[in-house]
Amino acid sequence: MLYREAGQYKTSYAADEAVFALREDRIGLIVVLFVAFVVVPLTSHDFMLQAVLIPFLVFSLAAIGLNILTGYTGLISLGTGAFMGVGAYACYKLTTLFPSVNIIVWVIASGFFSAAVGVLFGLPSLRIKGFYLAVATLAAQFFLSWCFIRVPWLYNNNISGAIEVPTRTLFGVPVTGATATSLTRYFVVLTIVVAMTWFASNLVHGRIGRMWMAVRDMDLAAELIGIRLLPTKLLAFAISSFYCGVAGALMVFLWYGGAESAVFDVNQSFFILFMVIVGGLGSLTGSFFGAALIFILPIALRVVAPALGLPLHPSTVEQLQYVIVGALIIFFLIVEPNGLARLWQIGKQKLRVWPFPY
Amino acid sequence: MDILYKIFIDPFMQMGQAPDLLVQTLWEGLVAGVLYSLIALGFVLIFKASGVFNFAQGIMVVFAALTLVGLYALLGRWGLPAGHLTAFIALGLTIGVMFALAVAVERLILRPLVNQPDIILFMATFGLTYLLIGMGQIVFGGESKVMIAEELYLPRGAIDFKLAGGFVSLQKIDIAAAIIASVMVATLAIFFQRTRIGRALRAVADSHMAALSVGISLEQIWVVVWFAAGIVALTTGIMWGARSEVSFALEIIALKALPVLILGGFTSIPGAIVGGLIIGIGEKLGEFYWGPLLGSGIESWLAYVIALLFLLYRPQGLFGERIIERI
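Keeping their order, the protein sequence lines are chains G and W. Each residue of the first sequence is one higher than the one before, starting from 42 at the first, in my numbering. Each residue of the second sequence is one higher than the one before, starting from 545 at the first, in my numbering.
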């Protein structure tokens, strides 16, 4: 009823190829951004921002990163956690070595370190495919995790072995460290995530994205039509790791405020992969949906169980969480293997033709 | 020069000077390798017959071991005397549980997801992993337990013998593990080569569609395969549990078995065995002789690097079927 494309004529190719071709979609996007930038900060309290929204945005960014590699280019990676770790440790080293430089610059710059490491571990992808590659990326995961523990230089020889985020300011307002308010952090994370999502959207809708998708669908055929596999695959690794690195830096600097190597272990990689699969392979919107479902669900369980008056022991809740998350993953895969993004599309299609079935 | 000496000469000097230590390290590597092989074998069975990369194999090991110990305790509470008989009843019941698990997995997960891309099935086994972790903890509790090794006639203690002026000590349970593993591999090989179901399994592995068209029941095959993987998991769980204890920490050995898999190839049973031995021995030798150079703990990634180097040379693993791509 409200969602109709009737009467919206395109008069140029640019309009026809726009990412948000429908007026309703554009309005929807503006509403979402308005809610994120204005309504949420006005209404949310600290817990909501600090424990739900900031992590949600950080995980969405990491999921976008992995989606570029796995969803768009078809290379399965289980090293996401380690690449996030590279970003976090690079950012920590940079900001302690050069404290006067703006922290945002270092958060973005740490992505480049992560990208370089990603390219290095992406090199075997030219020869190794499928699950063999997935296991090969685990080599990156375990090697880098080991480095985070055993190379004291990375955490400035702290006795605790953890990294502590120092206070850094942006235009005189503290954005990291203990004194930064969660509202400031939220705005910084949100701005970075929105900007990088916009960049990723342009990337995947353009020539590079087409190349990636051709490689995903069949790399031999892609090679035959003139796509050079090595640069394409390595670019996917670089950009994916860049996103994961920035997400890792944001995670430590603007969410945890300090971290040890265990944060970036193999479970983190699996966690991000869940988000990508449940959200939808090859969909940026799906990355947000997946992050929301996988991250917010356990929190919701923890809140809902006591609210229903179920006298559950905390450890039982944690075990139930495993059962429910496992069951939900299987359930979602069976109901919609293409992820939540596909459900979203189906919903939009239904709205478009309503009240007719098709 | 000093570093080169430490890498290329010093470890070999040490090996020459203390052959007993070398033999001990080799033996430990061999035993670890046998256990890795067993887990990898479970993976290979399922991958060969259904193309599913079963991430849940590691947790199936834990689940099987926990079920065995838990059932034994339960039977004891119901008044059965503790001893060999009860232990074997528990073993039989556990095999029944693994069969039920195989049927449930086929019904609830594989059948609805037939013909989906590999990665979706892979993720489904992830879901299964979480489900089994949660259920195992709810039913059996999170604390670690002692494997009923003695009741199952598994030997204990060690055999020491002199060698080149030193001692080498072999745990009896390790010898038993090696023998049982060999017997199991031989049984599986015969089962695959000689029986009707084994032939059907190989047909399914070649092509689902062609197997269906000659009247092979995919459902039946999958149950058989998951059941076989469950039995392999149970054996691994008993062996590993007898060496240390039964706890959810065992879950990480699944990650240890992955390099074995890519080294040997996903589709090859001999590959799983040889790969396991290479990784086990390489890991222990590397940790013992080269580990001090880099700081300890290199065990965690050394196996992956070894496997990666082999893969660069042969992308389908040492014994995997050659991957032929057509357009």
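Glycine included, each C-beta is placed from N, C-alpha and C at the ideal position.
Beta-carbon proximity of Gly824 of chain W to Leu645 of chain W, cut-off 8 Å: For the purposes of this step, residue 824 of chain W is identified with residue 280 of the second sequence, where counting begins at 1. For the purposes of this step, residue 645 of chain W is identified with residue 101 of the second sequence, where counting begins at 1. The answer is no: Cβ separation not under 8 Å.
Whole-Å CB distance - Leu119 of chain G paired with Ser281 of chain G, under 8 Å assumed: On the first sequence, position 78 is the one that residue 119 of chain G refers to. On the first sequence, position 240 is the one that residue 281 of chain G refers to. With 8 Å as the limit, Leu119 of chain G and Ser281 of chain G do not qualify as a contact, their Cβ atoms being about 13 Å apart.
DSSP three-state assignment for Arg209 of chain G, whether helix, strand or coil: Taking the first residue of the first sequence as position 1, residue 209 of chain G is located at position 168. Reduced to three states, the DSSP call for Arg209 of chain G is strand.
Beta strand (DSSP E) segments (min. 3 residues) lying fully within the stretch 649-736 of chain W: Runs of the beta strand (DSSP E) inside the stretch 649-736 of chain W: 702-707 and 710-715.
Ser201 of chain G beta carbon less than 8 Å from that of Leu30 of chain G: Chain G is shown only over 42 to 399; residue 30 of chain G falls outside these bounds and no answer can be derived.
8 Å Cβ cutoff, Phe311 of chain G in contact with chain W: In the first sequence, the residue the question calls residue 311 of chain G occupies position 270. Interface residue, yes.
Meets three-Cβ-pair contact criterion under 8 Å: the stretch 766-780 of chain W and the stretch 604-617 of chain W: With a cut-off of 8 Å on Cβ pairs, the stretch 766-780 of chain W is in contact with the stretch 604-617 of chain W, counting three or more such pairs.
Cβ-based burial, Met252 of chain G [other Cβ within 10 Å; buried from 16]: As a first step, residue 252 of chain G must be located in the first sequence, where it is residue number 211. Met252 of chain G comes out buried.
Nearest-angstrom Cα separation, counted from Ala175 of chain G out to Ala837 of chain W: The sequence position of residue 837 of chain W within the second sequence is 293, counting from 1. The sequence position of residue 175 of chain G within the first sequence is 134, counting from 1. Note that residue 837 of chain W is Leu in the sequence shown, not Ala. The alpha-carbon atoms of Leu837 of chain W and Ala175 of chain G are separated by roughly 29 Å.
Sequence-distant residues of the same chain with beta carbon closer than 8 Å to Leu265 of chain G, five excluded per side: In the first sequence, the residue the question calls residue 265 of chain G occupies position 224. For Leu265 of chain G, where only same-chain residues beyond five positions count, there are no Cβ hits under 8 Å.
Pairwise C-alpha distance: Val287 of chain G and Phe599 of chain W: Sequence index remark: in the second sequence, residue 599 of chain W carries index 55 (1-based). Sequence index remark: in the first sequence, residue 287 of chain G carries index 246 (1-based). C-alpha separation (whole angstroms): 29 Å.
Contact with chain B by Trp187 of chain G, beta-carbon distance below 8 Å: The question asks about chain B, but that chain is absent: this structure's protein chains are G and W.
Simplified DSSP assignment, three categories, for Ala131 of chain G: Sequence index remark: in the first sequence, residue 131 of chain G carries index 90 (1-based). Three-state DSSP puts Ala131 of chain G in a helix.
Paired residues, beta bridge with Pro215 of chain G - DSSP: Locating residue 215 of chain G in the first sequence gives position 174, where the first residue counts as 1. Answer is G:Thr210, bridged to Pro215 of chain G.
Expected contact under 8 Å - CB spacing of Gly128 of chain G and Gly298 of chain G to nearest Å: As a working mapping, residue 128 of chain G is identified with position 87 in the first sequence. As a working mapping, residue 298 of chain G is identified with position 257 in the first sequence. Incorrect: roughly 16 Å between the Cβ atoms, too far for contact.
DSSP three-state assignment for Ala300 of chain G, whether helix, strand or coil: Residue mapping note: residue 300 of chain G aligns to position 259 of the first sequence, counting from 1. Reduced to three states, the DSSP call for Ala300 of chain G is strand.
Endpoints, alpha helix (DSSP H) assigned at Asp306 of chain G: Along the first sequence, read from residue 1 onward, the residue named residue 306 of chain G stands at position 265. Unbroken run through Asp306 of chain G: none, as it is neither H nor E.
Three-pair Cβ contact test at 8 Å for the stretch 610-629 of chain W versus the stretch 723-738 of chain W: no
Nearest-angstrom Cα separation, counted from Val767 of chain W out to Val73 of chain G: Residue mapping note: residue 73 of chain G aligns to position 32 of the first sequence, counting from 1. Residue mapping note: residue 767 of chain W aligns to position 223 of the second sequence, counting from 1. Taking the straight line from one Cα to the other gives about 48 Å.
Chain G contacts made by the stretch 611-636 of chain W, where a contact means CB separation under 7 Å: none
Under 9 Å (Cβ pairs) to chain W, residues found in the stretch 357-374 of chain G: Thr357, Glu359, Gln360, Leu361, Gln362, Tyr363, Val364, Ile365, Val366, Gly367, Ala368, Leu369, Ile370, Ile371, Phe372, Phe373 and Leu374
According to DSSP, residues forming a beta bridge with Ile204 of chain G: Walking along the first sequence from the start, residue 204 of chain G turns up at place 163. G:Ala300.
Of the residues W:Gly680, W:Leu654 and W:Gly785, the one placed nearest Ile590 of chain W, counting alpha carbons only: Sequence index remark: in the second sequence, residue 590 of chain W carries index 46 (1-based). Comparing Cα-Cα distances from Ile590 of chain W to each of W:Gly680, W:Leu654 and W:Gly785, the minimum goes to W:Leu654.
6 Å CB neighbourhood of Phe854 of chain W in its chain, flanking five on each side removed: One-based indexing of the second sequence puts residue 854 of chain W at position 310. Only Leu807 meet the Cβ criterion.
Any chain W beta carbon closer than 8 Å to Ile318 of chain G: In the first sequence, residue 318 of chain G corresponds to position 277, counting from 1. Ile318 of chain G counts as touching chain W.
Span separating the alpha-carbon of Gly48 of chain G from that of Arg651 of chain W: Along the first sequence, one-based indexing puts residue 48 of chain G at 7. Along the second sequence, one-based indexing puts residue 651 of chain W at 107. Those two C-alpha atoms are separated by around 49 Å.
Those runs of the alpha helix (DSSP H) which lie wholly inside the stretch 747-797 of chain W and span at least 4 residues: 752-757 and 762-787
Backbone secondary structure at Ala59 of chain G - three-state DSSP: By 1-based counting over the first sequence, the position of residue 59 of chain G is 18. Of the three classes helix, strand and coil, the one that applies to Ala59 of chain G here is coil, per DSSP.
Cβ-based contacts, 8 Å cut-off: residues of the stretch 752-778 of chain W near chain G: none
Residue burial classification, Gly759 of chain W (beta-carbon count within 10 angstroms, cutoff 16): The residue given as residue 759 of chain W occupies position 215 in the second sequence. Classification of Gly759 of chain W: exposed, given that the 10 Å Cβ count is below 16.
Complete runs of the alpha helix (DSSP H) confined to the stretch 224-279 of chain G [at least 4 residues]: 248-258 and 260-265
Chain W contact for Phe183 of chain G (CB, 8 Å cutoff): Working through the first sequence from its first residue, we reach residue 183 of chain G at position 142. Taking Cβ atoms only, chain W reaches closer than 8 Å to Phe183 of chain G, which makes this a yes.
Nearest to Ala303 of chain G (by Cα), restricted to the options G:Ile204, G:Pro398 and G:Pro215: For the purposes of this step, residue 303 of chain G is taken as residue 262 along the first sequence, with counting starting at 1. It is G:Ile204 whose Cα lies nearest to the Cα of Ala303 of chain G.
Enclosing alpha helix (DSSP H) for Leu615 of chain W [first to last residue]: Taking the first residue of the second sequence as 1, we reach residue 615 of chain W at position 71. Gln601 to Arg621 is the extent of the alpha helix (DSSP H) around Leu615 of chain W.
Chain W within 8 Å of Arg64 of chain G, Cβ atoms only: Counting from one through the first sequence, the residue named residue 64 of chain G turns up at place 23. No, because no Cβ of chain W sits closer than 8 Å to the Cβ of Arg64 of chain G.
Spatially closest choice to Phe154 of chain G from G:Thr238, G:Phe283, G:Ala103 and G:Ile95, by CA coordinates: Mapped onto the first sequence, residue 154 of chain G falls at position 113. When only C-alpha atoms are compared, the closest one is G:Phe283.
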